[in-house]
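Numbered according to mature numbering (1 follows the signal peptide of the UniProt record, and there is no 0), the sequence shown spans residues -26 to -1, 1 to 650.
Ideal placement from N, C-alpha and C gives every residue a C-beta, glycine not left out.
Small disclaimer: the values here were computed from a predicted structure and weren't measured.
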Amino acid sequence: MISAKSQGGLILTMVLTFMIMPSSSALALPLLRRTFSSVNHSYRRTLSTRRTIPTMMPEGPEVRTLVDQLQPAVGKRLTDFQFLSGRYVRGARPRGFESFAKTITPIALSECSDAGGGNGDNKVSTTNHDDDDSESNFDNIDVIKSLNCKGKFIYMILDEGNAAITNKDPDYQRSVWITLGMTGRFVNEADVNRPRASNSDRKGADPRWFFETMDMKNGQRRKIYYRDTRNFGTLIFSLSVDELDKKLASLGADMLVDNTTEEMFLEAMNKSKQNRNICKFIIDQSKISGVGNYILAEGLYRARLDPFASLDEIDIDQRKALFKELREVITTSYNAQGLTRPNGGSYRSVDGSRGQFEFQLQCYGQVMSPNNNPIVKEVDGPHSRAIWYVPEEQLFIPRSQRAGGNNQSGDSMKRTQSSSPAFEKKAVEKGVTRYSLVPSSDQTFGDVISNSLTDPSWNDALRDHMASDKFQSMIQQIESQISSGAEVYPPVEDVFSALNLCPLDDVRVVIVGQDPYHQPGQGHGLAFSVRKDVKTPPSLRNIFKEAMEDVSIDPPTHGNLEGWARQGVLLLNTVLTVRRGEANSHAKMGWEDLTDLIINKINEEKSGVVFLLWGGPASKKASCVDEVKHTVIRTSHPSPLGATKTASPFLSSRCFSRTNEALQKHGKDQIDWNAL
């Protein structure tokens, strides 16, 4: 998930309407089986820099409004699905697409005006049509039976299709899954063909794909285009009832649905680890669905809750108030038709007229609260996204005291317990406070790590593996070492930092390291990265040396690489934990299986990713990568021991400029290596 780059703004200008003129094209479309795999390369665009436009992640109200607008497609025949630009043109088709396309029945086209001098109606018919002037009959097949959503997840279900094609498996069901991404929206054909004022106005304007429907009564076709400036939206095609049911079951109760009760919300909160941060709980789509950053900020502000608090700091009355305010925000937003204007202003309906309601955001994207108190925006909130809050009205404990771990009681504090009771101050070395897990009767390494992977996309991808006996056996081994007095790094809450900072959909570059730094206070879950107050290690100094010579970055003032991670650089070690002072001490315990799975997921679900494999252990990950779909750059490890002394030395490898060249070749934004 991606934090907003500036104060709140419009992302879903959903101008979709099915009340548009038929397609002006008079050229007959090829048979559907052929068109389902066709590509219009004229829509390719290469964007060399990231646009910094005000954006807001589409959340429950926006998605539900979009689904409302798509309802005219229900009952129509799905006749075409074409990919025009983006990841599915430059790389592999979406998961399940080829099998899905084979189930669609082709349609023979009647002659069109440009092809045969007809009347220009461009109507189509089945192969079994009469030659007289009577109205054509169309097969009642490949019909969209329903189009719905749960939270932010959209799914379209089709009928069973042609009996000659389907195998009548009781698990057989055709569905299309749509996730919008940060800038995803649907537009009609008129908007796609609208003249652009300038070249800059065209940036990101070309659609990524479209689907076409046909009215079976008169053969009239409609194309609905999907536009996504940042190319984050995803598609999955499924032929399984069970697969869709499992996906829906993995999502928490939809806050926009009337039968989501206060009791369901409280139960989900009670079942979560109570040392979990409140923002991480709210935004976890497996707990409650449809809530994102602007609803989160608004709900917390209106309930007067501290965004940095853990669940155990929030009593039952406050939990009930939070449910009430979240429900109020999300339903009022939906009633306003889910179109957020810049600076949290009023909403308008799809055709641009003012909606029935106006909904003014009180906190998100604002400068002053309704009580005339300053609103603070922190880019890196407790849930690894931007957070807006009002210190005077919300904080239980001053931020300085939370950050320093000194949560002592006082008149200005509403709570006295620590926001992370499983962690205690471990030692002070060189003036820097260090933290490490201290096992207790009710908190173990396994307890904490089970909730530390907070990114929904990675959580969904890795959940089954992390529940496996083999993975749990490894966790028990680590717990045993800690119980025996061993110190394990990085701190357990940072073990999955690389994944939490770089969601699966965002990955453009993968840098593979070996295992975490094994001295206190160095590692924080990102390969090669150290905290800002830690001396830069030799390997990282060589990394910076190569970047300065290769792409002319400024001399770094610290060694924290989170700025790279937030641009889509996954900084992944092959092993994610280590005992103090013992390099490779947790190698071959089971982490390699998890990191292999991570690489495999990227390999299968992404295209055009650049893999930087530095050193021997990292190079073994190449076996998980399809080098036709992706780019692999191998060098020695940047350690002084091998940076210049191998056949493929790290220094002078130009790996950073080569990475940007490969990204540009695949039509992806380049990495700003200077942004630390």
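Buried or exposed by the 16-neighbour rule on C-beta atoms within 10 Å, applied to residue i
i, result
"Ile290", "exposed"
"Thr531", "exposed"
"Glu236", "exposed"
"Asp202", "buried"
"Ser22", "For Ser22, the predicted structure reports a pLDDT of 27, less than 50, and the residue's modelled location is therefore unreliable. The matter cannot be settled from this model."
"Val63", "buried"
"Glu520", "buried"
"Gly555", "exposed"
"Arg159", "buried"
"Met342", "exposed"
"Asp643", "buried"
"Asn346", "exposed"
"Pro511", "buried"
"Ser526", "exposed"
"Lys197", "buried"
"Gly226", "buried"
"Asp421", "buried"
"Gln450", "exposed"
"Pro344", "exposed"
"Ser374", "exposed"
"Asp232", "exposed"
"Arg437", "exposed"
Neighbourhood of residue i by C-beta, 7 Å cutoff - its chain only, sequence neighbours within 5 removed
i, result
"Ala649", "Gly537, Gln541"
"Arg278", "Glu367, Gln368"
"Arg632", "Ile607"
"Ser224", "Ser260, Asp434"
Span separating the alpha-carbon of residue i from that of residue j
i, j, result
"Ala600", "Arg61", "According to the sequence displayed, residue 600 carries Asp and not Ala. Near 15 Å, if we compare the C-alpha coordinates of Arg61 and Asp600."
"Ala310", "Gly207", "24 Å"
"Arg301", "Pro144", "38 Å"
"Lys294", "Met243", "11 Å"
"Leu121", "Ile269", "24 Å"
"Ile128", "His439", "26 Å"
"Leu6", "Leu132", "For Leu6, the predicted model reports a pLDDT of 39, less than 50, meaning its position is unreliable; a value from the coordinates is still stated below. Taking the straight line joining both Cα atoms gives about 16 Å."
"Ala360", "Asn249", "21 Å"
"Tyr308", "Arg67", "33 Å"
"Glu352", "Thr187", "45 Å"
"Cys598", "Cys629", "20 Å"
"Pro623", "Val543", "22 Å"
"Pro28", "Glu453", "Unreliable placement is indicated for Pro28, whose pLDDT of 33 sits below 50; no coordinate value is reported for it."
"Trp362", "Glu72", "44 Å"
"Gly193", "Ser442", "52 Å"
"Ile349", "Phe282", "15 Å"
"Asp286", "Leu571", "34 Å"
"His604", "Arg276", "46 Å"
"Leu213", "Ala47", "20 Å"
"Arg322", "Ile257", "Reliability fails at Arg322, whose pLDDT of 43 lies under 50, so the model's placement of it is uncertain and the value that follows must be treated cautiously. Answer to the nearest angstrom: the Cα atoms are 26 Å apart."
"Gly339", "Ala271", "9 Å"
"Arg195", "Phe445", "51 Å"
"Val552", "Met448", "13 Å"
"residue 656", "Arg376", "As shown, the chain starts at -26 and ends at 650. That puts residue 656 outside it, with no answer to give."
Cut-off 8 Å between Cβ atoms - residues of its own chain near residue i, not counting five sequence neighbours on either side
i, result
"Lys126", "Pro32, Glu33, Gly34, Val37, Thr153, Leu154, Gln259, Ser263, Gly264, Gly266"
"Asp216", "Asp145"
Own chain, CB closer than 6 Å to residue i, minus 5 neighbours either side, in chain order
i, result
"Val486", "Leu546, Leu587, Ala592, Lys595"
"Ser627", "Thr609"
"Asp385", "Low confidence applies here, because Asp385 scores a pLDDT of 31, under 50, leaving its location unreliable; read the following figure in that light. Closer than 6 Å at the Cβ level, and outside the excluded window around Asp385, lies no residue."
"Asp280", "Gln368, Leu369, Phe370"
"Leu549", "The question names Leu, but residue 549 in the sequence shown is Val. Cβ neighbours of Val549 beyond the five flanking positions: Asp489, His560, Ala561, Trp565."
beta-carbon residue i near the ligand MG non-hydrogen atom, thresh 8 Å
i, result
"Val161", "As far as ligands go, the structure on display features none, and thus does not contain the ligand MG."
Reference residue i, options the options, closest by Cα
i, options, result
"Leu230", "Phe297, Pro281, Glu523, Glu287", "Phe297"
"Val602", "Ser513, Trp183, Val303, Phe585", "Phe585"
"Thr306", "Thr39, Asn474, Asn433, Phe57", "Thr39"
"Met190", "Asp113, Val525, Arg148, Val150", "Asp113"
"Lys254", "Ile78, His357, Asn162, His492", "His357"
"Ile78", "Asp286, Gly65, Ile115", "Ile115"
"Leu274", "Leu285, Asp286, Glu299", "Glu299"
"Phe518", "Gly193, Pro614, Glu272", "Pro614"
"Leu44", "Tyr199, Pro80, Thr157, Met156", "Tyr199"
"Ser246", "Ile573, Asn425, Val462, Gln334", "Asn425"
"Ala75", "Phe185, Gly65, Pro344, Asn162", "Phe185"
"residue 658", "Asn558, Leu514, Arg482, His611", "In this structure the chain extends from -26 to 650, so residue 658 is not present and cannot be described."
"Val583", "Gln493, Trp151, Gln638, Glu461", "Gln638"
*asked:* Closer than 8 Å is the cut-off here; do at least three beta carbon pairs connect the stretch 454 to 472 with the stretch 483 to 499?
replied: yes
*If we count Cβ pairs, one from each stretch, closer than 8 Å, do we get three or more for the stretch 498 to 518 versus the stretch 448 to 458?*
As far as the Cβ criterion goes, the stretch 498 to 518 does not touch the stretch 448 to 458, which means the pair count is below three.
*At a cut of 8 Å, does the stretch 558 to 569 reach the stretch 503 to 518 through at least three beta carbon pairs?*
Taking 8 Å as the limit for Cβ pairs, the verdict is that the stretch 503 to 518 does not touch the stretch 558 to 569.
*Three or more beta-carbon pairs under 8 Å between the stretch 548 to 563 and the stretch 43 to 57, yes or no?*
no
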